[in-house]
Structure formats: C-alpha cells, structure tokens
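In the UniProt record's numbering, the protein residues as written are 1 to 147. Quick reminder that beta carbons are idealized off the backbone N, C-alpha and C, glycines included. Just below is one structure, and these are the notes that go with it.
Given below as structure tokens:
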C-alpha cells in the first residue's frame with residue numbers, strides 16, 4: 001500500500017487520497033493514515049485523506065455521487081486526489097463486501113477525472129485463483145449466487 005500511494009502521488013503530482021470507512025491497509029505510517037479506525041491512526045494524522053462511506057454504510061445516500069459533485073465544484077474545498085483506494089472486501093471492524101455495481105462507480109469516477117484507482121484485495125486472494133470465480137463478479141455477487 002505504501003508504494004502504491006507514493007507512486008500515485010508522484011505520477012499525478014497531487015497529495016490527497018480517498019479512502020473509505022472501515023478501511024484497513026496495514027501498520028506503516030501511510031497505511032495508518034488511511035485506515036478508518038480512529039484508534040489505529042491516532043499517532044499518524046494525514047490531512048491529505050478524504051474519507052467516504054463504504055458500500056452499504058449509508059444505504060440512503062450515494063457517497064461517490066456526492067464526491068463527484070464536490071470534485072466538480074471548484075469552491076467545495078476538495079482538491080483532485082492522486083488516488084482512490086478501494087477494498088473489495090473489508091475485514092477491519094466487520095466483514096463488508098462491496099457489490100459489483102458499487103465497485104464500478106469508483107472506476108468510472110477515476111477514469112473520468114484522471115485519478116488513479118488502487119484496488120486493495122488482500123482478503124480475496126484465494127477467490128482470484130478459483131476456477132468458479134468470474135472476473136466481473138464481486139465476492140458479494142458470488143456469495144448471493146451460492147444461496
């Protein structure tokens with residue numbers, strides 16, 4: 001994670017990064033600055049991190065749609081970030097699994113704005129090698145199909 005963020009910042013010449021609620025990326029200083037858990041990031045404050053709700057956190061709102069509006073509004077106070085970091089499955093506080101539909105939104109947003117998309121997939125590495133998994137499916141979609 002450390003290298004991915006440093007590379008994104010170098011390539012884009014921008015400092016800010018978008019991370020999501022309940023995120024966890026490790027124990028390095030950059031990773032701790034991105035983590036959602038306040039107790040873990042007390043000693044490492046990164047003012048260049050924008051936080052957005054993860055898929056399903058606030059079902060009544062679309063945080064990525066709001067974020068796009070903030071980026072489009074030059075007086076919102078949001079600078080164009082270097083990267084958006086997404087976990088397809090989160091396991092820090094509880095297991096959260098993003099839907100395929102939700103995962104497509106950051107891709108569209110980043111492609112449109114010239115923002116790098118970093119996919120953190122450490123909790124799904126076994127599913128990548130499964131002959132039953134489909135590349136367009138999220139783990140949540142595969143779980144629903146098994147029911």
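Cβ neighbours of residue i in the same chain (closer than 8 Å, five flanking residues each side left out)
{"i": "residue 6", "result": "30"}
Residue i - partner residues in DSSP beta bridges
{"i": "residue 52", "result": "20"}
{"i": "residue 97", "result": "89"}
{"i": "residue 120", "result": "87"}
CA-to-CA distance, residue j to residue i, given in whole angstroms
{"i": "residue 108", "j": "residue 64", "result": "10 Å"}
{"i": "residue 77", "j": "residue 94", "result": "31 Å"}
{"i": "residue 1", "j": "residue 75", "result": "31 Å"}
{"i": "residue 66", "j": "residue 53", "result": "11 Å"}
Contact set for residue i: own chain, Cβ-Cβ below 6 Å, skip 5 residues either direction
{"i": "residue 121", "result": "88"}
{"i": "residue 130", "result": "Because residue 130 sits at a pLDDT of 45, beneath the cut-off of 50, its placement in the model cannot be relied upon, and the point is left open."}
{"i": "residue 20", "result": "52 and 54"}
Beta-carbon proximity list for residue i, same chain, < 7 Å, skipping 5 on both sides
{"i": "residue 105", "result": "64"}
{"i": "residue 15", "result": "9, 48 and 82"}
{"i": "residue 135", "result": "Only weak support exists for where residue 135 lies, its pLDDT of 49 falling under 50; the value from the coordinates is given anyway. Same-chain partners within the cutoff: there are none."}
Q: Tell me, please, whether the region 109 to 117 touches the region 77 to 86 by the rule of three or more beta-carbon pairs shorter than 8 Å.
A: Short answer: they touch.
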